[in-house]
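Notes follow the structure.
Residue numbers (my numbering): 116 to 340.
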């Protein structure tokens with residue numbers, strides 16, 4: 116009986132510690148929000164930049180009540196230390212496709228080529244089945260990702276690269292052989308064969324491009340000059 120009471124005591128004590136544990140303090144980044152109607156707001160972005168799918172949450176004070184804004188109403192959003200590199204980044208609305216509008220930042224500006232990066236969250240939902248065979252969601256995890264696009268002389272936006280911010284995930288998910296890498300680049304730059312030719316000439320690897328995807332845009336821009 117004493118042993119049972121002791122086990123119950125430990126369970127209650129453990130629960131009390133968990134319940135009273137302080138939540139980590141969230142420090143929202145400073146930001147400047149400019150709407151299409153000309154309104155300019157100085158304050159704080161109160162959501163992770165990877166979760167700007169349809170809306171953002173913005174407050175004029177660090178601990179103030181957040182207000183939801185649709186991204187389709189946003190002209191630009193400047194965020195301090197957005198990519199955890201100490202730099203300010205300005206995100207603009209990419210609305211070429213009415214069915215898929217998103218906020219992205221310019222990462223490369225050459226003579227003919229402009230590159231964009233969209234941060235987003237990759238959702239991995241784990242499903243399982245009950246003893247009756249009915250599936251249910253067992254859990255969902257999110258991973259920070261970056262999608263890269265380019266334009267040539269203001270033309271159509273073209274997607275060309277995607278990577279996870281977790282290097283371990285990248286190394287497991289995209290172990291490109293040189294043959295597979297060249298095939299991918301030829302597809303993404305099919306109107307500009309000089310890009311794949313230069314990658315092959317230099318012997319660039321997928322890992323090197325993961326470190327800096329703008330290297331492909333530099334090659335493209337140089338080939339057009």
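Note that the Cβ used here is the ideal one computed from N, Cα and C, for glycine as well.
Counting along the chain, the unbroken alpha helix (DSSP H) around residue 314 starts and ends at 309-317. Rounded to whole angstroms, the Cβ separation of residue 236 and residue 165 is 4 Å, and the two are in contact under 8 Å.
Within the model, the alpha-carbon separation for residue 156 versus residue 176 is close to 11 Å.
Note: residue 259 is bridge-paired with 236 in the DSSP secondary-structure output. Taking 7 Å as the cut-off, the Cβ atoms of residue 217 and residue 233 count as close. Taking 3 residues as the minimum length, the beta strand (DSSP E) runs contained wholly in the region 137-166 are 145-150, 155-160, in order along the chain.
Each residue's CA atom was taken as its position, placing residue 209 and residue 171 some 15 Å apart.
Under the three-state reduction of DSSP output, residue 214 falls in the coil class, being neither helix nor strand.
Between residue 181 and residue 206, the alpha-carbon positions lie close to 19 Å from each other. Boundaries of the beta strand (DSSP E) around residue 208: 204-209.
Per DSSP, the continuous beta strand (DSSP E) segment holding residue 193 begins and ends at 189-194.
A straight-line Cα-Cα distance of about 8 Å links residue 320 and residue 296. Taking 7 Å as the cut-off, the beta carbon of residue 151 is found closer than this to the beta carbon of residue 188.
In the DSSP assignment, residue 329 forms no beta bridge with any residue.
Close CB contacts of residue 149 within its chain, under the 7 Å cut and outside five residues either way in sequence, are with 155, 190, 191 (chain order).
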